[in-house]
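Protein chains in written order, with this note's numbering: chain R, 89 to 713; chain V, 2 to 176.
Structure first, commentary second.
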Amino acid sequence: MALLQIAEPGMSTAPHQHRLAVGIDLGTTNSLVATVRSGLAVVLDDEAGRSLLPSVVRYHANGDVNVGYAAQAAQNSDPHNAIASVKRFMGRGLADIDDIASLPYRFVDAPGMVQLRTAAGVKSPVEVSAEILKVLSRRAETALGGELVGAVITVPAYFDDAQRQATKDAAQLAGLNVLRLLNEPTAAAIAYGLDNASEGVYAVYDLGGGTFDISILKLSKGVFEVLATNGDSALGGDDFDQRVFCWIVEQGRFQPLSAGDMRLLLTKARDAKEALTEHTEVRVTAVLSTGEMMDATLTQADFNAMTASLVSKTLAPTRKALRDAGLAVDEVKGVVMVGGSTRMPCIRQAVADFFRQTPLTNLDPDKVVALGAAMQADVLAGNRAGDDWLLLDVIPLSLGLETMGGLTEKVIPRNTTIPTARAQEFTTFKDGQTAMSVQVLQGERELASDCRSLARFELRGIPPMVAGAARIRVTFQVDADGLLSVSAREQSSGVEASVQVKPSYGLGDDEITRMLKDAFTHAKDDMYARALNEQIVDAQGLIAATRAAMAEDAALLSADEIATIEASIAALEKLMAGPDVEANHHLAIKRGIEALNAATTEFAQRRMDQNVRRAMAGQKLETFG
Amino acid sequence: MDFTQTHFELFGLPQSYALDRDKLDAAYRELQNTVHPDRFAAQPDAEQRVAMQWATQANEAYQTLKHPVSRGVYLLKLQGIDALDANNTKMAPAFLMQQMEWREAIEDARTGKRVEILDALTDDLRSAHRRIEAQLAELIDTTHDFSAASEAVRQLRFMDKLIAEVGDVYEELET
C-alpha cells in the first residue's frame with residue numbers, strides 16, 4: 089500500500105515535489121537503509137519491524153536468492169552458498185585475502201577481483217552486494233510509495249579506488265542511481281554534528297564488522313571538512329571473532345573442520361564476543377558434526393589479552409591521521425564512536441585512554457552511518473532550500489604512477505580534498521621511443537610493487553624523438569565520489585590516451601551488461617522496457633531542467649544559441665515520442681540526451697560563472713567592509 | 002571559468018605573501034558553497050561537469066595559497082621565476098650547517114630512543130619555520146628581492162621535510 093505523502097511545513101514553496109532519496113549503509117555484517125521524512129532522518133524497517141538486514145546472501149541451485157535473516161540462518165547448514173561478509177572481497181584479488189583457509193567459501197581466482205563458486209554458478213562480490221542493495225531498495229520503495237530518485241551509498245573512508253568502484257558497480261547492478269559514494273565516518277559526522285550542533289575538531293572512530301576507519305573532521309559554520317583519514321580496510325569485528333574461534337578450536341583440540349563446523353564455531357565465537365560486552369565471563373559449548381565437544385569459560389580478561397594486538401592495530405592509523413591533520417590529541421574536542429564493534433568495552437577503554445576523554449556513544453553505532461547518508465541524500469536530491477551544509481572530503485590513499493626502476497611517483501598525496509586534479513609531465517627514456525606504458529598506483533609505499541595497481545594503459549603514436557625530448561602530460565582527476573580517471577597526452581603531437589580507471593581490476597561495461605542480463609532473466613521485468621523507461625525519465629528531467637535554466641538566464645544566451653538549444657530539445661522530444669520500432673530505441677534517446685548535454689555545456693559554464701561572480705562579490709564586500 | 006584569473010583574484014585577496022587566513026578560509030567556503038558538485042547532484046550532466054571543474058580549481062587554489070611553501074612558489078611563478086628549478090640549488094652555508102645539526106639530532110633521538118630530543122627539536126624547527134616565513138614575506142612583499150625569496154622558499158621546503166622526518170621518528174618510537 090502506498091503511503092500518502094505530506095509536505096514538510098515551509099516546503100510547499102519548493103519549486104518541485106519532494107524527491108525520494110535514501111542513504112544506504114552497505115555493511116560487512118549488517119546493512120541498513122534510511123531516509124528523511126518530514127525533516128527527520130529515519131531508518132526504514134522490514135515488514136517484521138527489523139531495521140538491520142544481515143549482509144548474507146544465499147544462492148540456491150534453482151536460481152532463487154535469499155538475503156538477510158533467512159540466509160544467515162542457513163550459514164551452518166549451507167556454508168558454501170550462504171555468503172557473509174562479502175564486503176571484504178569487494179575489489180580484492182585472491183592474494184589480498186589473508187585468512188582464506190578459515191573461510192568456508194569456494195573461491196575462484198579471477199583477474200582483478202576474486203569470485204565465489206555457488207550452487208547458482210560463479211558470483212562476483214559485486215553481484216552478491218547487488219542482491220543486498222536490491223532488497224534495501226525494494227524495502228525503501230515499498231515504505232515510501234514511489235520510485236527512488238537516487239541513493240547515497242556509504243563506503244569505508246579507507247576504501248581504495250578498486251573497492252569504491254566495485255561498490256558503485258554493485259549499486260548500478262541493483263538498478264540504483266548513485267547520488268554519491270559517501271565515506272562512513274563522514275556520514276556519521278553529519279548525523280552526529282547536526283544532531284548536536286557541534287563546532288570544532290572531532291574524531292570519528294569507526295570499527296565495523298570488517299573495516300576500520302579513523303577520520304579527523306573540522307566542523308564550522310555548516311561545513312564538514314575532513315582534515316585527514318586513515319584506517320585498515322581489512323580489520324574489524326570479524327577479526328575479533330576469529331581470535332575467539334582459534335581459542336575454541338584450541339580448547340576443543342579439534343581436528344581439521346568441515347565447512348559446516350567451521351561456520352558453527354565462528355557463530356559461537358561471535359556470540360561469546362557479544363556476551364562479553366555485558367558480562368565478565370561467558371561459558372562456551374559446542375558439539376561438532378563429528379560428535380567432538382568442547383565446554384570452557386572465556387573471561388573478559390582472556391578476551392582482552394587475545395585481542396590486544398587488534399586494538400593497538402587501530403591506534404597506529406589513529407596516530408597517523410592526527411599527525412596528517414597537524415593536530416595534537418588535546419585539540420580534539422570529541423570522539424564519535426561508530427560501528428557495532430565499538431560496543432566492545434576494550435575498544436571504548438582504548439579510545440578513551442588514547443584521546444584522554446570519554447568517547448561519545450549517544451547515537452546508535454549501528455544506525456548513525458545510514459542516518460547521515462540519508463541526510464546527505466536529501467541534500468543531494470535537492471530537497472532542502474538554502475540551509476544545506478557542505479561536505480569537503482579527502483582521498484584516503486595517495487595516487488601515483490610507476491616510474492623507471494619500479495618506483496612510485498606520487499601525483500596526488502593522501503588527504504587531498506576532492507574533487508581534485510593534478511598533472512605531471514614525463515618523458516621518454518630511449519631514442520625513438522613511440523609508446524609509453526602508464527601504470528596507475530594507489531598507496532603510500534615507495535616500491536610500485538608494494539602499491540595497489542589500479543590500471544595500466546598505453547599511450548601509442550608518440551612521434552620518434554631523442555630520449556627526453558617528448559613531453560607527456562599525465563592528468564589525474566578524482567571526482568566527488570573519490571573515483572579516479574586518468575588521461576595522458578603528448579604535448580607536441582597532441583597524441584592522447586585516457587582510461588576510466590576500471591578494467592584492470594573491476595568490471596568492464598560489457599561485464600556489467602552481462603550481469604544485468606543475467607539478473608533480468610530471473611526477474612519478470614522486461615529489461616528493454618525498463619531501459620527505455622529510464623532513458624525517457626532522464627530525458628524529461630533534462631528538458632525540464634534546461635527549460636528552467638533558460639527561463640531564468642536567457643540573458644546569458646544569444647538568439648542563435650537559444651535556437652540551437654531549442655533545436656536539440658525538439659530533436660530529443662521527437663525521439664521520445666517517436667515510434668518504438670527500433671530495438672535499441674533507448675540508445676537513440678541516450679544519444680539525444682548526450683547531444684542536449686553537449687549543446688548546453690557552454691550555457692552551464694556561463695551560469696556557473698555568474699553564480700560565482702554573485703557569490704564572490706558578496707565576499708569581497710565583507711572582505712573590504 | 003576564467004583561467005587567466007590568479008588564485009588571489011579568485012578569492013578576492015591582495016596578491017601578497019602575507020595572508021589573512023580567516024579571509025582565505027571564508028572566501029574558499031563561499032566559493033565551494035556555490036560550485037561544489039554536491040550542489041548540482043540532481044542537475045543535468047553538463048552542470049555536474051562544470052561544477053567538478055570549478056570545485057577542483059577552488060581546491061587547487063586554496064591548497065596553493067594555504068601552504069607557506071606552495072604560496073611562495075606560486076607568487077614567484079607569477080613573477081616568472083621557478084623557485085624549485087632543479088638547476089637552482091643555491092643555499093647559504095650557514096643554513097646547510099644548521100640543517101646538518103638538525104639531522105644529527107634526529108638521528109640521536111632515533112638511536113637513543115629519546116622523545117625529549119624530538120620535543121625540543123620540534124620547537125626549534127617550528128620557530129625557524131616562522132622566522133623564514135617572516136623573511137619571505139619581507140622579500141616578496143616589500144623588498145621584491147625574488148632571488149633571495151627563491152632561496153627562502155627552498156629553505157622552507159627543507160624545513161618541511163625535516164618536520165616530516167621528526168614525525169616519522171615520533172611514530173617509530175611510539176609504536
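Cβ coordinates follow ideal geometry from the N, Cα and C atoms, glycine included.
- Residue-level contact check: R/K256 does not touch chain V, since none of the beta carbons of chain V fall below 8 Å from its beta carbon.
- Secondary structure at R/G325: helix, using DSSP grouped into helix, strand and coil.
- The three-state reading of DSSP puts R/V583 in coil, since its state is none of H, G, I, E or B.
- With its beta carbon less than 8 Å from one in chain R, V/N60 belongs to the interface.
- Using a Cβ-Cβ cut-off of 8 Å, V/R158 does not count as an interface residue toward chain R, since no Cβ of chain R sits closer than that to its own.
- At a cut-off of 8 Å between beta carbons, R/G680 makes no contact with chain V.
- Around the beta carbon of R/V124, 16 or more other beta carbons sit within 10 angstroms, so the residue counts as buried.
- As the crow flies, the alpha-carbon of R/Q330 is around 17 Å from that of R/K175.
- The Cβ-Cβ distance between R/G151 and R/A208 falls below 8 Å.
- Distance from the CA atom of R/D481 to the CA atom of R/G324, rounded to whole angstroms, is 23 Å.
- A Cβ-Cβ separation of about 20 Å leaves R/D283 out of contact with R/A245 under the 8 Å criterion.
- Taking a beta-carbon distance threshold of 8 Å, V/P45 counts as an interface residue toward chain R.
- For R/Y293, the secondary structure class from DSSP, reduced to helix, strand or coil, is strand.
- Taking 8 Å as the CB threshold, V/A52 lines the interface with chain R.
- For V/E48, the nearest CB of chain R lies under 8 Å from its own CB, placing it at the interface with that chain.
- Scanning the region 14-72 of chain V from its first residue to its last, no whole beta strand (DSSP E) run of 3-plus residues comes out.
- At a Cβ-Cβ threshold of 8 Å, R/P507 and V/P15 do not count as neighbours.
- With a beta-carbon spacing of about 6 Å, R/L267 and R/A239 fall inside the 8 Å limit used to define contacts.
- For the region 290-317 of chain R, the set of positions with a beta-carbon nearer than 8 Å to some beta-carbon of chain V reads K309 and V311 in chain order.
- Counting along the chain, R/V457 sits inside the alpha helix (DSSP H) bounded by residues V456 to L468.
- Interface with chain V (8 Å Cβ-Cβ cutoff): R/T689 is included.
- With respect to R/I657, R/I624 sits apart: the two C-beta atoms are not nearer than 8 Å.
- For R/A413, the enclosing alpha helix (DSSP H) begins and ends at Q388 to A413.
- Proximity to V/N34 across V/H68, V/I82, V/K162 and V/A59 peaks at V/A59, based on C-alpha coordinates.
- For the set R/T496, R/A440 and R/T117, the Cα lying nearest the Cα of R/Q527 is the one of R/T496.
- Across the structure, R/E584 and R/E513 are spaced so that their CA atoms are roughly 14 Å apart.
- DSSP places R/G111 inside the beta strand (DSSP E), whose first and last residues are A109 to L114.
- Look at V/D125 here: in three-state DSSP terms it is helix.
- In this structure, DSSP gives R/A277 a helical state, which the three-state scheme calls helix.
- In this structure V/F12 is buried. Its beta-carbon is surrounded by 16 or more other beta-carbon atoms within 10 angstroms.
- CA-to-CA, the gap between V/D146 and R/P199 works out to about 57 Å.
- Interface criterion not met: the Cβ of V/H8 is under 8 Å from no Cβ in chain R.
- Residues of the same chain with a CB within less than 7 Å of the CB of R/V314, apart from the 5 flanking positions on each side, are T274, S303, L305, L480, D481 and V482 in chain order.
- Chain-ordered listing is empty here: chain V has no CB closer than 8 Å to the CB of R/T522, the nearest sitting near 27 Å.
- The region 406-426 of chain R makes contact with the region 316-323 of chain R, as at least three CB pairs between them are under 8 Å.
- Under DSSP, R/P142 shares a beta bridge with R/N118.
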